[in-house]
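Trainee: The sequence shown begins at 64 in the working numbering and counts up one residue at a time.
My questions will all concern the structure given below.
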Amino acid sequence: MASDTVTTLTYEVKTLPMAGRTVSTLVLNIKRGFDNVNPSTLCVMLRAKGVNPYLVSWTKSFLSGRSCRLLYQRSPKVFAPVAVGTPEESLVSPLLFVIYVSRLHCEIPYGLSLSCVDDFGLTVSSASYRRNIQILQKQYARLKAKGARLGVGFSIPKTELIYWCTNRNRDLIFNALVHLDGSVFAPKVEVRWLGYWFTP
64 MASDTVTTLT
74 YEVKTLPMAG
84 RTVSTLVLNI
94 KRGFDNVNPS
104 TLCVMLRAKG
114 VNPYLVSWTK
124 SFLSGRSCRL
134 LYQRSPKVFA
144 PVAVGTPEES
154 LVSPLLFVIY
164 VSRLHCEIPY
174 GLSLSCVDDF
184 GLTVSSASYR
194 RNIQILQKQY
204 ARLKAKGARL
214 GVGFSIPKTE
224 LIYWCTNRNR
234 DLIFNALVHL
244 DGSVFAPKVE
254 VRWLGYWFTP
């Protein structure tokens, strides 16, 4: 799945500049994503997607009635109920999480929104890198608002920015910065996403 996402991104960042556009990508990570899945909201989504009622009931049962306890020295060995979240060690959890965050995807004119489980990438293109920054900040604000409605947020420390270059503009100095949630991000000379390294 990650390789397909990377192939799609690579194709787009090579194709968009052919129309004379500059291309930029903002890499994001959902913060504690699996821990914030709301079972009721997920079941509503599954019904809306036409999933078999039996599977919806199974999902509700799978995510309900769970408990956990913290294990550390002198900790009280008492189980506490868990009302939200899906267990990360389960093989079905990544699929349920992908369905849960599917509402975060949005159409971007001359760009695209990609994800692989809890890793997101927003790619935009325009006549200039500075214009790309404006578009990315607007798209991030939309993404953040959608995430808030689902109870998920994004990890600012794991956010990265890259400006894609062609042979024509590889020597330009890109000083346009992205401002998100009070933090400033400068473009990186290399970015690691989904286990792959990218350079401009």
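Just so you know, even glycine gets a beta-carbon here, dropped at the ideal spot from N, CA and C.
Keep in mind that this is a model prediction, so the values were computed, not measured.
(1) Within 8 Å, do at least three Cβ pairs link the segment 103–120 to the segment 177–184?
(2) Using only the alpha-carbon positions, how far apart do Glu170 and Ser176 sit?
(3) If you drop the 5 nearest sequence neighbours on each side, which residues of the same chain put their C-beta closer than 6 Å to that of Ala239?
(4) Using a Cβ-Cβ cut-off of 8 Å (strictly less than) and excluding sequence neighbours within five positions of Ser189, which residues of its own chain qualify?
(5) I need the boundaries of the alpha helix (DSSP H) containing Ile93, first residue and last residue.
(6) My assumption, with CB atoms under 8 Å, is that Leu159 sits in contact with Lys209. Please give the rounded CB distance.
(7) I'd like to check one pair, Tyr163 with Leu105: are the Cβ atoms closer than 9 Å?
(8) Can you grab the Cα-Cα spacing for the pair Gly128 / Ser103, in whole Å?
(9) Just curious, the beta strand (DSSP E) that Glu223 is in, first and last residue?
(10) Could you tell me the distance, in whole angstroms, from the CA atom of Val269 to the CA atom of Cys228?
(11) For Cys106, which of helix, strand or coil comes out of DSSP?
(12) Take Asp244 and list the residues in its own chain whose beta-carbon comes closer than 7 Å to its own, dropping the five residues that flank it on each side.
Mentor: On the basis of the supplied data:
(1) Contact between the segment 177–184 and the segment 103–120 is absent: fewer than three C-beta pairs spanning the two stretches fall below 8 Å.
(2) For the pair Glu170 and Ser176, the Cα-to-Cα distance works out to about 7 Å.
(3) Correct list, in chain order: Tyr192, Arg193, Ile196.
(4) By the criterion of a C-beta distance shorter than 8 Å, Ser189 is surrounded in its chain by Arg84, Thr85, Tyr173, Asn195, Ile198, once the five residues flanking it on both sides are discounted.
(5) No alpha helix (DSSP H) holds Ile93; the beta strand (DSSP E) holding it covers 85–94.
(6) Incorrect: roughly 18 Å between the Cβ atoms, too far for contact.
(7) A distance below 9 Å separates the beta carbons of Leu105 and Tyr163.
(8) The alpha-carbon atoms of Gly128 and Ser103 are separated by roughly 13 Å.
(9) For Glu223, the enclosing beta strand (DSSP E) starts and ends at 223–227.
(10) Given that the chain is displayed from residue 64 to residue 263, the structure contains no residue 269 and the question cannot be resolved.
(11) Cys106: helix per DSSP, three-state reduction.
(12) Listed in chain order, the non-local C-beta contacts of Asp244 below 7 Å within the same chain comprise Ile219, local neighbours out to five positions each way being set aside.
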